[in-house]
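J.: Residue 1385 in our numbering is what sits at position 786 of the sequence shown, and the numbering runs on without skipping anything.
Glycine is no exception: its CB is placed at the ideal position from the N, C-alpha and C atoms.
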Amino acid sequence: IENAAHRKTFVVRFPITTAGAPISDLDETGPSNLRHTAHESYRMVVDNPNNPNPYAPFASERDWKVGMWAKMHGPGSTAFDELLAIEEVANRLALSYKHQKKISQLPSARPCFERHEIVVAGEAFEVFYRDILKCVEALYGDPDFAGLLLLVPERHYTNENKTARVYFDMNTGQWWWATQKQLEKEQPGATVIPIIISSDKTQLTLIGNKSAYPVYMTLGNLPKDIRCKPSRRGQILLAYLPTSRLQHINNKAARCRTLANLFHACMISPRHMTRVLAPLASAGETGMRIASGDGIVRRGHPILAMYIGDYPEQLLVTGCKTGECPKCPIDRNCWNLENSHSSIDTSRPLRDLEKILLAVSAIDEGPRAFTRACAGAGIKPISRPGPAQHYYLSITPDVLHQLYQGVLKHLVSWLQAAFGAEEIDARCRRMPLNHNLRHFGKGISTMSRVTGKEHQDIGRILLGLVVGLELPSGHSPARLVRATWAVLNYLYYAQYSTHTTDTLHLLDQTLVEFHDNKGIFVDLGIRTHFHLPKLHSLDHYIRKTCLFGTTDNYDTQYSERLHIDFTKDAYRATNHKDELTQMTIWLERKEKVQRHERYIQWRLAHARPSDHLHSTADSKKTRVEMTKHPSIRAVKITAIPTDYGAYFFRDALARFVSQRNYPHYTPQQIERESARVCLPFQTLPAYHKVKFWVTDPDVCAAPGTETRDVIHVQPAHKSKRGDVLPGRFDTALVRDTRENAQLGIHGLQVAQVRIVFKIPKKAIPVLFPKLSDAARPYGHLAYVEWFSPFTNPEPDHRMYRVSRDLGGGGERTGSIVVIDDLERSCHLFPDFGPIAPREWTSSTVLELCPSFYVNPYVDRHMFKLIL
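(1) Please go through the same chain and pick out, in chain order, the residues whose beta-carbon is closer than 6 Å to the beta-carbon of E686, but skip the five residues on each side of it.
(2) May I have the straight-line CA-CA distance separating A777 from P1262, to the nearest angstrom?
(3) Can you name, in chain order, every residue of its own chain whose Cβ lies under 6 Å from the Cβ of E1438, other than the five neighbours on each side?
(4) Determine contact between the region 829-849 and the region 813-821, defined as no fewer than three beta-carbon pairs at a distance below 8 Å.
(5) Mapping the DSSP letters down to three states, classify I731 as helix, strand or coil.
(6) My guess is that F1129 and K1117 are in contact by the Cβ rule of under 8 Å, so how many angstroms apart are they, rounded?
(7) Scan the region 761-821 and note each continuous beta strand (DSSP E) run of 3 residues or more that stays entirely inside, going in chain order.
(8) Cα-Cα, which of F1147, T1443, A1077 is closest to D1395?
(9) Please specify which runs of the alpha helix (DSSP H), each continuous and at least 4 residues long, are wholly inside the region 1243-1300, giving them in chain order.
(10) Measuring alpha carbon to alpha carbon, tell me which residue in D680, P648, Q699, E681 is nearest K1189.
(11) Which full runs of the alpha helix (DSSP H) of 4+ residues lie inside the region 843-905, going along the chain?
(12) With 16 other CB atoms within 10 Å as the buried threshold, where does N1454 fall?
(13) Is the distance from the Cβ of T1306 to the Cβ of H1054 below 7 Å?
(14) May I ask which residues mark the beginning and end of the alpha helix (DSSP H) holding D1168?
(15) Applying the 10 Å Cβ sphere with the 16-neighbour rule, what's the burial state of N820?
(16) Take P621 and list the residues in its own chain whose beta-carbon comes closer than 7 Å to its own, dropping the five residues that flank it on each side.
(17) Which ranges would you report for the alpha helix (DSSP H) in the region 951-1009 if only whole runs of at least 4 residues count?
(18) Under the three-state reduction of DSSP, which class applies to E1446: helix, strand or coil?
(19) With three or more beta-carbon pairs closer than 8 Å as the criterion, would you say the region 1119-1126 touches the region 776-791?
(20) Can you name the start and end residues of the beta strand (DSSP E) that W1385 belongs to?
(21) Over the uninterrupted beta strand (DSSP E) stretch that includes G1413, give me the two end residues.
(22) Can you give the beta carbon distance from R612 to E753, rounded, assuming they're within the 8 Å contact cut?
(23) Taking the alpha carbon of A1016 as the point to measure from, which residue in I1125, A968, L1445 has its own alpha carbon closest?
(24) How close, in whole Å, do the beta carbons of F1451 and S1402 come, if the pair is a contact with beta carbons under 8 Å?
(25) Tell me which residues share the same chain as Q1250 and place their Cβ nearer than 8 Å to its Cβ, disregarding the 5 neighbours each side in the sequence.
(26) Looking at C-beta atoms only, is the number of pairs between the region 726-744 and the region 709-717 that lie closer than 8 Å three or more?
(27) Report yes if the C-beta distance between G1067 and F1431 is below 7 Å; otherwise report no.
(28) Run the CB neighbour count on I902, radius 10 Å, all protein chains shown included, and call it buried at 16 or more, exposed below.
(29) Taking contact to mean 3 or more Cβ pairs, one atom from each stretch, closer than 8 Å, check whether the region 1056-1071 and the region 1003-1015 are in contact.
(30) According to DSSP, P1429 sits in a beta bridge with which residue or residues?
(31) Is it true that the region 1348-1366 meets the region 1320-1338, where meeting means three or more beta-carbon pairs spaced less than 8 Å apart?
(32) By the three-class DSSP mapping on this structure, what secondary structure does R1400 have?
(33) Give a yes or no on whether the C-beta atoms belonging to L803 and Y1170 are separated by under 7 Å.
(34) Taking the Cβ atom as the reference point for each residue, do F767 and T1226 lie within a distance shorter than 7 Å?
(35) Ignoring anything shorter than 4 residues or poking outside the region 1092-1167, list the alpha helix (DSSP H) runs there in chain order.
(36) Judging by CA-CA distance, which residue of G975, A968, W663 is the nearest neighbour of K701?
Shown next as structure tokens:
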């Protein structure tokens, strides 16, 4: 409710009131739509409801926490049992148990794994999976999510005229609305339960070839900010699929076909209704009684909505051939023509499902007829899902592999081929430091096995590496710079956490801009074609955003992160023999411990509700966070100019005092008053870090999307080893707080922060005698040196150029500002020119370079802020 109230959109509810409504529970003594809540039901199983001990069935808090530590962080079940077997250990700890069986006896939080054998091509394989419908009940009925579930579709708009649509969570997309509308026609009172599946192989060992094939599941009813955090437990491990490579099959085509058949036999074969996803077919049509964590019962329809995976996984699910698009039937030879954008069609229809189902039905006509029919439909001759599931619609964009590990990876290699790796690496080494950026001290050309995170870090500085460079062949670099700008902007637009009709139009425009300028890579001889599946996939981002919400609803980076919790940690807890059996048992026990911990927190919160509310209120974040104690307690004012480079600190502080005391004075009068100011102190406390919580500048953005930002202000100093470390004085964006200040980017100005300090409390009444106590500046202040105001962005790369603001005498201008006027940190690209001066370093470039460009790609918030 609070999130919805803070979101500044105009909401249109689903017009049929029965959608998502509770049903009457006729199994009770009277009509009711309530059962016991999940915590109450759990308490009846583990404990006597009248028992005041919140840790039951454990004897005490110590009893429980030792057992929880042993299961969550301990050395292993056997080692812990051997520890407790030592004489007096269990008694000295006052434990009620001497082995971990008590943990195992806790009620199952989520369904247990089943071990099945599947025979494909005459070979037997083992698959471990859970009942998917019970998994749906466990996630939907989790008490942590009660009150947070998204139950009905909504349409959000930016204005009352409803001309600009807003997309964020999955229930704001078109798919949920259309599905709800269809269900209400057939069975009124339905609650759509969108099933989101993701799968991907992962290595279990650094040395060797042991791997696992986990399948994860979550619900679209959970808000995306819950699903993306492993700590919220909004994802569940659904299955471990076989990982055999079938090396005994010599024919490569036959081997690939058998592997695909194995995947479909395990997951979605309609001939095996006990397989992982098969129960969804009937439950999605007829519905199932399902209770949320607060005990309210509804008729839920679990329907497969999205299947998340990388490109090979998408081909495996859809049965398409390598090099083809798994979503639309475009001919691979027509992809992304070299010198035009005529191939772009963001509304291209999906593959013809009726044609594919007709080909699948030919399986009863014999192998030859089946193979011929599948080839005509453009799919491999493998087992297909039932007609109720449209797998081509469920395939979603993949930001990690398509953008970072795909298009951006290609672009980096093309730029290195165009300009040469030596000059690009030299510019990397001379980039100014920033808290949000990785410093590539050795360049980027020598990096191997570059991860998606590293490509993301490269993308944040990529445009600054190529601006000003000259092409060796005499070509104008303008088209190359514009193509780079378009790729980076597409990457950032695609990751917006809230999209509107207008921002989706910008996404389309940047794609057109890239295709208009990509021909430069052909002219330079770097590319001969652009037949790249990952480049073609950009056509589908707009449509998928309209269908399922923004890309953070289905980002593969989240499922990649789940490998650590559900696979790699589980493998480390085994003895590496018959590991899948041990891994499933370890995960089940871990889930039991986590469920019981949530139950104990619920008991304690009900026992001490006032303490719970107090702790919640205390956790509220402030925008600016400063350390309680200064980094240096007493810095001499006479040392500030030399140590911190704040050469006009005393004059600026006197001017600040005069401006506060006489706000209506003219600049000439302020100068006269400043000459009379006498500072009643000789030292000041200095702070070397300013921490911010940067809020999303988008008015439609959801709350809770703050990003941590830090400004470093530290003079040269010696390390623990005695090495002299250079000083670091970050640049920042300072907000103009005057009454007639401009809005947007022109209401900000770049400044370099030289020192952060506080005026001694005893000196404040002396310096500000005419101000009330509330108006006096007791907070933190900063001395900053100004850069030139924003004007107009450069035409090719759309970045703003700034330079040092020099006064009439050619000296840098500086002033004192309140720390709250600092909007956030700011990163500057040096204007290197054709060749970066080799005497510049990352610590001296801000002092030596005459002009800069403001980097808009520091993070997503900065990108939105200075557009």
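T.: The relevant details are as follows:
(1) For E686, where only same-chain residues beyond five positions count, there are no Cβ hits under 6 Å.
(2) So the two alpha carbons sit approximately 60 Å from each other.
(3) Hits under 6 Å: none found.
(4) Yes, since at least three Cβ pairs between the region 829-849 and the region 813-821 fall closer than 8 Å, the two stretches touch.
(5) DSSP places I731 in helix when its eight states are reduced to three.
(6) Their Cβ separation, rounded to whole angstroms, is 6 Å, which keeps F1129 and K1117 in contact under 8 Å.
(7) Within the region 761-821, the complete beta strand (DSSP E) runs of at least 3 residues are 764-766, 789-798, 813-818.
(8) Here the closest residue by C-alpha is A1077.
(9) If we require 4 residues or more, the alpha helix (DSSP H) runs fully inside the region 1243-1300 come out as 1248-1260, 1266-1275.
(10) Nearest to K1189 by C-alpha distance, out of D680, P648, Q699, E681, is Q699.
(11) Listed in chain order, the complete alpha helix (DSSP H) runs (minimum 4 residues) inside the region 843-905 are 851-866, 879-885.
(12) Answer is buried; the Cβ neighbour count reaches 16.
(13) Not in contact: T1306 and H1054 (Cβ atoms no closer than 7 Å).
(14) DSSP places D1168 inside the alpha helix (DSSP H), whose first and last residues are 1168-1171.
(15) A residue is called buried when at least 16 other Cβ atoms come within 10 angstroms of its Cβ; N820 meets this threshold and is buried.
(16) Leaving aside the five residues that flank P621 on each side, the residues in its chain whose CB is nearer than 7 Å to its CB run, in chain order, N632, I895, V896, R897.
(17) The qualifying runs are 952-959, 966-976, 990-993.
(18) In the three-state reduction of the DSSP assignment, E1446 falls in the helix class, which pools H, G and I.
(19) Short answer: they don't touch.
(20) Counting along the chain, the beta strand (DSSP E) containing W1385 begins and ends at 1380-1385.
(21) Taken as a continuous stretch (DSSP letters only), the beta strand (DSSP E) holding G1413 covers 1413-1417.
(22) With 8 Å as the limit, R612 and E753 qualify as a contact, their Cβ atoms being about 6 Å apart.
(23) Answer by Cα proximity: I1125.
(24) Yes, F1451 and S1402 are in contact; Cβ-Cβ is about 7 Å, under 8 Å.
(25) Reading the sequence as shown, one finds Asp at residue 1250 and not Gln. Within the same chain, and ignoring the five residues on either side of D1250 in sequence, the residues whose Cβ sits closer than 8 Å to its Cβ are S1273.
(26) Yes, since at least three Cβ pairs between the region 726-744 and the region 709-717 fall closer than 8 Å, the two stretches touch.
(27) Yes. Within cutoff.
(28) That one is buried.
(29) Short answer: they touch.
(30) Beta-bridge partners assigned by DSSP to P1429: F1451.
(31) Touching, yes.
(32) If DSSP states are grouped into helix, strand and coil, R1400 belongs with the strands.
(33) Yes.
(34) No, Cβ-Cβ distance for F767 and T1226 is not below 7 Å.
(35) If we require 4 residues or more, the alpha helix (DSSP H) runs fully inside the region 1092-1167 come out as 1100-1116, 1118-1122, 1132-1135, 1140-1147, 1155-1162.
(36) Here the closest residue by C-alpha is W663.
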